[in-house]
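*Asks:* Shown below is the structure under consideration.
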Amino acid sequence: MRSVTKVTVDWREATRHLARVDPTLGAVIERVGPCTLRPGRDCFGALCKAIISQQISGPVAIAISGRFKKLFPRSRPAAGHLLTLSDEQLRSVGLSRQKASYLRDLARHFAEGKVPVRRFAKMSDEEIIESLIPIKGIGRWTAEMFLIFVLNRPDLLPVDDLGVRKGFQKVYGLRGEPSAPKMVTL
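Below is the structure:
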């Protein structure tokens with residue numbers, strides 16, 4: 026269950042549309058340059074990495090993720106293999122007990138076919154989010170980041186993301202962080 030049916034996003038079309046309907050964003054797009062996101066192929070591995078990375082610094086997350094991958098043949102995390110690993114093995118790579126339990130729950134969901142990876146291409150964003158949030162350690166924010174950075178869904182606005190809120194505040198010259206409804210209407 027590694028791959029998702031490929032759906033290629035034309036980021037140029039998406040950015041042209043944004044620039045056309047919102048000149049403020051258009052100026053940011055012009056300054057930043059083209060979107061270079063590419064779809065991920067390994068949904069399980071990406072979700073493992075997302076769980077590992079939560080609430081720790083980037084360098085620490087990279088180190089733990091690297092050690093975690095070495096627990097798997099060819100350094101490719103797989104649900105079935107993860108379920109065979111002991112708590113000691115998971116803790117030895119730097120995972121907390123809680124994150125180890127989250128990764129086990131993720132692996133169980135994948136192993137039991139509860140994550141409909143093969144149907145993701147035909148599912149709505151909300152359907153995918155609803156299929157992921159029953160997994161311990163995955164909330165709406167993680168699911169939205171998965172949609173954007175792994176599945177390359179172009180029409181998402183993660184209104185709960187602090188960086189996005191701060192970006193809106195700066196780009197639109199707001200006094201404070203905008204509320205979710207305000208972000209949608211800007």
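26 is the number of the first residue of the sequence shown in this note's numbering; add one for each residue after it.
We treat Cβ as the ideally placed atom computed from N, Cα and C, and that holds for glycine.
1. Return helix, strand or coil for Leu110, following the three-state DSSP convention.
2. Grab the span of the alpha helix (DSSP H) containing Asp47 for me, first residue to last.
3. At a cut of 8 Å, does the stretch 95-107 reach the stretch 169-179 through at least three beta carbon pairs?
4. So, Thr49 versus Val196, is the Cβ gap smaller than 8 Å?
5. Would you mind working out which of Asp67, Lys94 and Ser82 sits nearest Arg143, comparing C-alpha positions?
6. On the DSSP letters alone, give me the boundaries of the alpha helix (DSSP H) that Pro84 sits inside.
7. For Ala227 versus Phe145, is the C-beta distance shorter than 8 Å?
8. Start and end of the alpha helix (DSSP H) containing Arg144?
9. Within a Cβ cutoff of 6 Å, which residues of the same chain sit near Pro203, ignoring the five residues on either side of it in sequence?
10. Give the DSSP-derived three-state secondary structure of Thr210 in the structure shown.
11. Which residues in the same chain have their Cβ closer than 8 Å to the Cβ of Pro59, if we skip the five residues on either side of it in sequence?
12. Using a 10 Å radius around the Cβ and a threshold of 16 neighbouring Cβ atoms, would you call Leu187 buried or exposed?
13. Whose CA, out of Arg200, Asn177 and Leu211, lies closest to the CA of Thr61?
14. How far does the alpha helix (DSSP H) with Tyr127 in it reach, from first residue to last?
*Replies:* From the atom records:
1. Here residue 110 corresponds to residue number 85 of the sequence shown, with the count starting at 1. Leu110: coil per DSSP, three-state reduction.
2. Within the sequence shown, numbered from 1, the residue matching residue 47 stands at position 22. Counting along the chain, Asp47 falls outside any alpha helix (DSSP H), and DSSP gives it neither H nor E.
3. no
4. Position 24 of the sequence shown, counted from the start, is the residue given in the question as residue 49. Position 171 of the sequence shown, counted from the start, is the residue given in the question as residue 196. Cβ atoms of Thr49 and Val196: closer than 8 Å.
5. Counted from its first residue, the sequence shown places residue 143 at position 118. Checking every option, the nearest Cα to that of Arg143 belongs to Asp67.
6. The residue given as residue 84 occupies position 59 in the sequence shown. Looking at the DSSP string, the run of the alpha helix (DSSP H) that includes Pro84 is Gly83 to Lys94.
7. Nothing can be reported for residue 227, as the shown portion of the chain is limited to 26 through 211.
8. To locate residue 144, count along the sequence shown from 1; it is residue 119. Run containing Arg144: none; DSSP gives neither H nor E here.
9. Numbered from its first residue, the sequence shown carries residue 203 at position 178. Here the set comprises Phe193.
10. Working through the sequence shown from its first residue, we reach residue 210 at position 185. Helix at Thr210.
11. Mapped onto the sequence shown, residue 59 falls at position 34. Here the set comprises Trp36, Arg37 and Thr40.
12. Indexing the sequence shown from 1 puts residue 187 at position 162. Leu187 should be labelled exposed.
13. Locating residue 61 in the sequence shown gives position 36, counting from the first residue. If we check each option's Cα against that of Thr61, Asn177 comes out closest.
14. Against the sequence shown, residue 127 aligns to sequence position 102. Unbroken alpha helix (DSSP H) run through Tyr127: Arg122 to Ala136.
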